């Protein structure tokens with residue numbers, strides 16, 4: 008189960024980078040367009056554009072392996088969650104969450120000097136899909152002495 012503080016962090020306007028692998032361990036990446044923790048389950052849902060990131064989507068279908076990194080752009084506080092996931096088509100509620108996320112992260116990045124037109128190509132929710140995954144491991148990835156520390160592993 009993820010604690011409330013980490014759940015709030017994941018759902019906040021943070022950059023979301025997804026790593027997946029195929030059956031031959033070849034990597035593919037994607038950028039998330041919103042995320043949430045499923046209450047009471049310890050599972051995380053990340054919204055991803057099937058249109059923009061087809062290799063990532065194919066890898067989730069093939070292996071389910073995912074590493075999702077959430078980074079707050081103002082101070083680079085970062086966590087990486089690893090697990091196995093499944094894919095589903097985004098529902099209207101997911102689309103609303105993604106639209107809010109896109110607006111919030113564009114505002115956040117704008118406050119840091121990133122023009123909206125620069126962020127637009129990598130914050131996309133076209134043909135949205137949802138990767139739902141069971142969190143097996145949580146790592147601190149904030150740059151510094153504790154980077155890479157396992158915060159929670161499989162029990």
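Numbering (our numbering), first residue to last: 8 to 162. Cβ atoms here follow ideal geometry from the backbone N, Cα and C, with glycine treated the same way. A quick note: this is a predicted structure, and the numbers were derived from the prediction, not measured.
For residue i, the nearest candidate out of the options (CA to CA)
{"i": "residue 132", "options": "84, 86, 143 and 104", "result": "104"}
{"i": "residue 94", "options": "72, 85, 67 and 12", "result": "67"}
{"i": "residue 119", "options": "157, 102 and 80", "result": "80"}
{"i": "residue 145", "options": "139, 138 and 156", "result": "156"}
{"i": "residue 78", "options": "18, 142 and 8", "result": "18"}
{"i": "residue 35", "options": "12, 51, 69 and 10", "result": "69"}
{"i": "residue 142", "options": "32, 12, 88 and 11", "result": "88"}
CA-to-CA distance, residue j to residue i, given in whole angstroms
{"i": "residue 14", "j": "residue 46", "result": "9 Å"}
{"i": "residue 113", "j": "residue 23", "result": "13 Å"}
{"i": "residue 97", "j": "residue 135", "result": "6 Å"}
{"i": "residue 26", "j": "residue 150", "result": "19 Å"}
{"i": "residue 63", "j": "residue 138", "result": "10 Å"}
{"i": "residue 101", "j": "residue 108", "result": "10 Å"}
{"i": "residue 140", "j": "residue 123", "result": "30 Å"}
{"i": "residue 44", "j": "residue 9", "result": "8 Å"}
{"i": "residue 12", "j": "residue 32", "result": "33 Å"}
Residues near residue i by beta carbon distance below 6 Å, same chain, minus five either side
{"i": "residue 20", "result": "111, 112 and 115"}
{"i": "residue 153", "result": "147"}
{"i": "residue 29", "result": "66 and 69"}
{"i": "residue 158", "result": "145 and 147"}
{"i": "residue 126", "result": "113 and 116"}
Cut-off 8 Å between Cβ atoms - residues of its own chain near residue i, not counting five sequence neighbours on either side
{"i": "residue 129", "result": "38"}
{"i": "residue 71", "result": "91, 92, 93 and 140"}
{"i": "residue 16", "result": "77, 79, 84 and 86"}
{"i": "residue 60", "result": "25, 35, 36, 37 and 38"}
Integer Cβ distance of residue i from residue j, believed to fall under 8 Å
{"i": "residue 73", "j": "residue 49", "result": "Going by Cβ atoms, the distance from residue 73 to residue 49 rounds to 15 Å, so no, they are not a contact pair."}
Close beta carbons around residue i, own chain, < 7 Å, minus the five adjacent residues each side
{"i": "residue 84", "result": "149"}
- request: Take every Cβ of the region 30-40, pair it with every Cβ of the region 52-69, and state whether three or more of those distances are shorter than 8 Å.
  value: yes
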